[in-house]
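Everything below concerns the one structure shown next.
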Amino acid sequence: MSCLSIKLPGLDLKNPIMPASGCFGFGREYAKLYDLNVLGAIMIKATTAEPRFGNPTPRVAETNAGMLNAIGLQNPGLEKVLSEELPFLANYNVPIIANVAGSLIEDYVKVAKEISAAPNVHALELNISCPNVKTGGIAFGTDPAVAFEVTKAVKEVSEVPVYVKLSPNVANISEIAVAIEQAGADGLTMINTLLGMRIDLKTGRPVLANGTGGLSGPAIKPVAIRMIHEVSQKVSIPIIGMGGVQSAEDVLEYLFAGASAVAVGTANFVDPFICPTIIEELPYKMHELGFEHISECIGRSWKQHAKIAYSRT
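The sequence shown begins at 1 in UniProt numbering and counts up one residue at a time.
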């Protein structure tokens, strides 16, 4: 058994590293650069029932420690994902996590039912936390009752385990996580982007055509670590962590906080080889710290210091 292998609901991962949805497309461009078989899994781009062209441009802006985006869930739609993108990914021995989005609960149910039946889809990531769409998205992820309802509806039709992606743009993320677990979710992914804005000094107007966007990258890592540290002690389902991951050290920090696997997002745009690089370096960093298997790292921060209250500063 590899020191990096781990089993999660629906996912038999050879290692805990996967590209995050929205930052890897459907893998075609990266497949030209390296063998996708090295990845633990792939979270494909969000899929909606109908094709979406996304928000007006400009919809991406750099910041000092990350990136603002307001893509707006651009994707080719369910039919094309089923007929072209997933068959392409079937050429690789990598579990696929399909990100499901919509404007109404009925949209989520339709996409989840059909895409979960695809032979190479091993799990769903329910996107109820995108901050860049006017309907759906974050509107489902900020109210515990609504998050419960959409999760339960998708669980009833899905043929594979369902992971739900949490928004950090809430006052009490544990409340949302617990509601989603009670609705039957098999796991959580966290966190999505933080709502942000930049202003153009020449025009005095927001840089992004959408006005606001989601902040990702190194700036949000401490926020994600804090939230995973908190939520992992409140639920019993596994967490796939994400937000500003750039190195094997970052991965270990996420595992220590309570994540069981880690997704890499914005860093793929800076270094397209970042995922295989981290996979190669992770065993050496674990060895330096005295760990033989990644399972020893999960939740180490609070399992080792259980008497330290989360709220203490």
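Every residue, glycine too, gets a C-beta built ideally from N, C-alpha and C.
Within 8 Å, strictly: CB atoms of residue i and residue j
{"i": "V164", "j": "I180", "result": "yes"}
{"i": "G211", "j": "T193", "result": "no"}
{"i": "L73", "j": "R52", "result": "yes"}
{"i": "T189", "j": "A263", "result": "yes"}
{"i": "L36", "j": "V94", "result": "yes"}
{"i": "V170", "j": "T142", "result": "yes"}
{"i": "I176", "j": "A147", "result": "yes"}
{"i": "N15", "j": "G54", "result": "no"}
{"i": "F26", "j": "E85", "result": "yes"}
{"i": "S295", "j": "F256", "result": "no"}
{"i": "K113", "j": "S174", "result": "no"}
{"i": "S116", "j": "S83", "result": "no"}
{"i": "E149", "j": "I96", "result": "no"}
{"i": "N38", "j": "I279", "result": "The sequence given here places Val at residue 38; Asn does not occur at that position. Closer than 8 Å, so yes."}
Cβ distance (whole Å) where residue i is taken to contact residue j below 8 Å
{"i": "I298", "j": "G243", "result": "Contact flag wrong, Cβ pair sits at about 17 Å."}
{"i": "G22", "j": "A219", "result": "Not confirmed; about 17 Å, so no contact."}
{"i": "V111", "j": "T47", "result": "6 Å"}
{"i": "E292", "j": "C3", "result": "6 Å"}
{"i": "P19", "j": "N268", "result": "6 Å"}
{"i": "L208", "j": "I191", "result": "That pair is no contact at about 20 Å."}
{"i": "L68", "j": "G204", "result": "Going by Cβ atoms, the distance from L68 to G204 rounds to 17 Å, so no, they are not a contact pair."}
{"i": "K155", "j": "A118", "result": "About 18 Å; that fails the 8 Å criterion."}
Residue i - partner residues in DSSP beta bridges
{"i": "L188", "result": "V164, I239"}
{"i": "E125", "result": "N99, Y163"}
{"i": "K7", "result": "D12"}
{"i": "S216", "result": "M67"}
{"i": "R52", "result": "N75"}
{"i": "I199", "result": "P206"}
{"i": "V264", "result": "P19"}
{"i": "M43", "result": "I97"}
{"i": "A61", "result": "L68"}
{"i": "L194", "result": "L215"}
Contact test: residue i Cβ vs the ligand ZN heavy atom, cutoff 7 Å
{"i": "G54", "result": "Looking at this structure, you won't find the ligand ZN or any other ligand, since it has none at all."}
Counted within 10 angstroms of its Cβ, other Cβ atoms place residue i as buried (16 or more) or exposed
{"i": "D250", "result": "buried"}
{"i": "L201", "result": "exposed"}
{"i": "T266", "result": "buried"}
{"i": "F88", "result": "exposed"}
{"i": "I6", "result": "buried"}
{"i": "P222", "result": "exposed"}
{"i": "residue 394", "result": "Because the chain in this structure spans residues 1 to 313, residue 394 falls outside the shown range and cannot be described."}
{"i": "K45", "result": "buried"}
{"i": "N127", "result": "buried"}
{"i": "L289", "result": "exposed"}
{"i": "N91", "result": "exposed"}
{"i": "S236", "result": "exposed"}
{"i": "Y284", "result": "exposed"}
{"i": "E253", "result": "buried"}
{"i": "K303", "result": "exposed"}
{"i": "I199", "result": "exposed"}
{"i": "G145", "result": "The identity of residue 145 in the sequence shown is Ala, whereas the question assumes Gly. With fewer than 16 other Cβ atoms within 10 Å, it is exposed."}
{"i": "D107", "result": "buried"}
{"i": "P168", "result": "buried"}
{"i": "D271", "result": "exposed"}
{"i": "T313", "result": "Confidence at T313 is low in this model, with a pLDDT of 41, below 50, so the placement of that residue should be treated as unreliable; the coordinate-derived value is given next. It counts as exposed."}
{"i": "F140", "result": "buried"}
Should the region 106-126 be regarded as contacting the region 7-21, the criterion being three or more beta carbon pairs within less than 8 Å?
Segments in contact, yes.
Inter-stretch contact (C-beta, 8 Å, three-pair minimum) for the region 220-240 and the region 100-108:
By the C-beta criterion, the region 220-240 is judged not to be in contact with the region 100-108, since fewer than 3 inter-stretch pairs fall below 8 Å.
Contact the region 217-231 vs the region 70-84: 3+ CB pairs below 8 Å:
At 8 Å Cβ cutoff, the stretches do not touch.
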